[in-house]
Amino acid sequence: SWPGCPAPPLYRSDPRGYTVGLAIDIGA
Amino acid sequence: GGSITIAAATVDTATVSDLRGLETSIRLNGIPQNTSARVEGDPLSGSQRISLGIPRGPLQTVSARVTWPAIAFSIGVDEQMAAKVTWPREWVPEVAKFLAPSQGIQSDNEIFKAFVAKTTEGRLRRTPIYLAAKDLVRRTIMEFRNVDSQTLVREGQGTIRGFRLQGALSSTGALSVTPGDMVCTCVAVLRAAGIPARPVIGIYSGSGSNPDTKLPKDRKTLCVWAEFNLPGCGWVPFDPYEMRGRGLPQANVNQPWKWFGTIKQMNRRVGLAYDFAPFNHGMIRDWPAGWVWTVSGQTTAPFRLVDATAPLMVSRGQI
Chain F
913 SWPGCPAPPL YRSDPRGYTV GLAIDIGA
Chain B
44 GGSITIAAAT VDTATVSDLR GLETSIRLNG IPQNTSARVE GDPLSGSQRI
94 SLGIPRGPLQ TVSARVTWPA IAFSIGVDEQ MAAKVTWPRE WVPEVAKFLA
144 PSQGIQSDNE IFKAFVAKTT EGRLRRTPIY LAAKDLVRRT IMEFRNVDSQ
194 TLVREGQGTI RGFRLQGALS STGALSVTPG DMVCTCVAVL RAAGIPARPV
244 IGIYSGSGSN PDTKLPKDRK TLCVWAEFNL PGCGWVPFDP YEMRGRGLPQ
294 ANVNQPWKWF GTIKQMNRRV GLAYDFAPFN HGMIRDWPAG WVWTVSGQTT
344 APFRLVDATA PLMVSRGQI
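Protein sequence lines correspond, in order, to chains F and B. Our numbering puts the first residue of the first sequence at 913, with every later residue one more than the last. Our numbering puts the first residue of the second sequence at 44, with every later residue one more than the last.
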């Protein structure tokens, strides 16, 4: 099982994998 | 001299992220730098903090890119079981902190207490917490006549300035609100009712061919939803903007509702932050986007800085 699996009555299904993140630009 | 700080939700009902796979890069005035990010907090606490240091010196531009692996799940609730969960005598501390008011979510204001009292007619504590939350969210959504779907201020080319927000209190008197405002208001109402709740700022992958969402079908973007805690079970996600319409006023509270608890599309969203401007001592600047910067230790610069955010989300498919 994956970390922190919720306890019933909540159920997970259909996992999808991603690479996520942010690209940030700061300028004066 | 300053920092960029990003929040990463590490363990939630629909999101698991692993910052051991964190990759960062930074360019100062367009020149790549050797820099490493600092990751703080226990992943099992549910959220970690990624900090990038910006060295002192004359700078025109800072560009940072931060990525990590994550898994997103579809979510289902057993409605009958959920309706049997009773109110706790006391919330555990990790959860109880989401009972308190926060910037943009002024749940201690009398207007929210009065709304809860009027809506529940004194039956709040005798109603199972799941059903109470469901009806309070429905009644909050029904208060809004005009919702502007443009929740993001955009700059074009896939970059985003941030969320267009008035916050919960202003939204109660506004002619028009955004999906982000609806989230803030629903969270404020739930907190006023004594139910821990929080906004979730996340990245959305695009729905593919699924027509059953109001978010863009063909591109990734930032998105926002809400969740409340069901004692001993976990956080129940819901999306007030998606719930709106869809026969909500007549819907039977004992039946499953679309976009409340049972959300197939949650495996296309990855949670990042539980605050529009996380780790910023409650300060929300103009258009927040789930991360913050500081300059010389300050959250306001002595000159005008413009920031733009692009969500990054590469699908690795089903796992």
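Beta carbons: idealized from backbone N, C-alpha and C, even for Gly.
Item: Select from the region 339 to 360 of chain B all residues with a C-beta closer than 9 Å to any C-beta belonging to chain F, and list them in chain order.; Value: A344, F346, R347, L348, V349, D350, A351, T352, A353, P354, L355, M356, V357, S358, R359 and G360
Item: Could you pull out every unbroken beta strand (DSSP E) segment of at least 3 residues lying fully inside the region 303 to 342 of chain B, listed in chain order?; Value: 312 to 316 and 334 to 338
Item: Listed in chain order, which residues of the region 184 to 197 of chain B have Cβ atoms closer than 7 Å to some Cβ of chain F?; Value: none
Item: Give a yes or no on contact between the region 321 to 334 of chain B and the region 72 to 80 of chain B, applying the rule of three or more CB pairs nearer than 8 Å.; Value: no
Item: Rounded to whole angstroms, how far is the Cβ of S90 of chain B from the Cβ of A143 of chain B, which I believe are closer than 8 Å?; Value: S90 of chain B to A143 of chain B, Cβ: 16 Å. No contact.
Item: Whose Cβ in chain F lies nearer than 9 Å to the Cβ of P112 of chain B?; Value: G929, Y930, T931 and V932
Item: Can you check whether the CB of T129 of chain B is closer than 9 Å to the CB of P363 of chain B?; Value: Residue 363 of chain B lies beyond the residue range present for chain B, which begins at 44 and ends at 362; the question has no answer from this structure.
Item: Going by DSSP, what residue range makes up the alpha helix (DSSP H) through A175 of chain B?; Value: I172 to E186
Item: Which one of B:L71, B:L174, B:V59 and B:I69 has the shortest CA to CA distance from Q298 of chain B?; Value: B:L174
Item: With the cut-off set at 9 Å, would you say R262 of chain B and G929 of chain F are in Cβ contact?; Value: no
Item: If we count the other Cβ atoms within 10 Å of its Cβ and call it buried at 16 or more, is S339 of chain B buried or exposed?; Value: exposed
Item: Under 8 Å from any heavy atom of the ligand PLP, does the C-beta of P131 of chain B make it?; Value: Looking for the ligand PLP in the displayed structure turns up nothing, as the structure carries no ligands at all.
Item: Kindly list the residues whose CB is nearer than 8 Å to the CB of P927 of chain F, restricted to its own chain and excluding five residues on each side of it in sequence; keep chain order.; Value: W914
Item: Can the beta-carbon of V313 of chain B be found less than 9 Å from the beta-carbon of W268 of chain B?; Value: no
Item: Anyone know if the C-beta pair for S106 of chain B and S46 of chain B falls short of 9 Å?; Value: no
Item: Just to check my reading of the structure: T352 of chain B and A332 of chain B have Cβ atoms closer than 8 Å, yes? What is that Cβ distance to the nearest angstrom?; Value: 4 Å
Item: Between T221 of chain B and chain F, is there a C-beta pair that is closer than 9 Å?; Value: no
Item: Hey, out of B:I49, B:P112, B:L233 and B:G223, whose CA is closest to G64 of chain B's CA?; Value: B:P112
Item: Nearest to Q293 of chain B by CA position, among B:R70, B:F141, B:R347 and B:D178, is which residue?; Value: B:D178
Item: Please name the residue or residues paired with K301 of chain B in a DSSP beta bridge.; Value: B:T305
Item: According to DSSP, simplified to helix, strand and coil, what is Q123 of chain B?; Value: helix
Item: Assign G223 of chain B to one of three DSSP states: helix, strand, or coil.; Value: helix
Item: Alpha carbon to alpha carbon, how far is K301 of chain B from N295 of chain B?; Value: 12 Å
Item: Going by DSSP, what residue range makes up the alpha helix (DSSP H) through E137 of chain B?; Value: P136 to A139
Item: Relative to the alpha-carbon of D55 of chain B, which residue among B:S68, B:I114 and B:T110 has its alpha-carbon at the smallest distance?; Value: B:I114
Item: If you drop the 5 nearest sequence neighbours on each side, which residues of the same chain put their C-beta closer than 8 Å to that of D61 of chain B?; Value: T53, P86, W111, P112 and A113
Item: Put A353 of chain B into one of helix, strand or coil per three-state DSSP.; Value: strand
Item: So is N253 of chain B in contact with chain F if we call contact Cβ pairs under 9 Å?; Value: no
Item: What residues of chain F sit near I74 of chain B, judged by a beta carbon separation below 9 Å?; Value: Chain F residues near I74 of chain B: none, gap ~14 Å exceeds 9 Å.
Item: Taking the DSSP output, what are the residues bridged to V932 of chain F?; Value: B:W111 and B:M356
Item: Can you tell me which of the three DSSP states L65 of chain B falls into?; Value: coil
Item: Residues of chain F with a CB under 7 Å from the CB of V138 of chain B: which are they?; Value: Per Cβ cutoff of 7 Å: no residues; V138 of chain B is ~13 Å from chain F at best.
Item: Since Q146 of chain B contacts A231 of chain B with CB under 8 Å, what's their CB separation in whole angstroms?; Value: Going by Cβ atoms, the distance from Q146 of chain B to A231 of chain B rounds to 11 Å, so no, they are not a contact pair.
Item: If we ignore side chains and look at the alpha-carbon of each, how far apart do T215 of chain B and K161 of chain B end up?; Value: 15 Å
Item: Look at G205 of chain B and D350 of chain B and say whether their C-beta atoms are less than 9 Å apart.; Value: yes
Item: Between the Cα of A80 of chain B and those of B:R108, B:T337, B:Q209 and B:I362, spot the shortest distance and give me the residue it belongs to.; Value: B:R108
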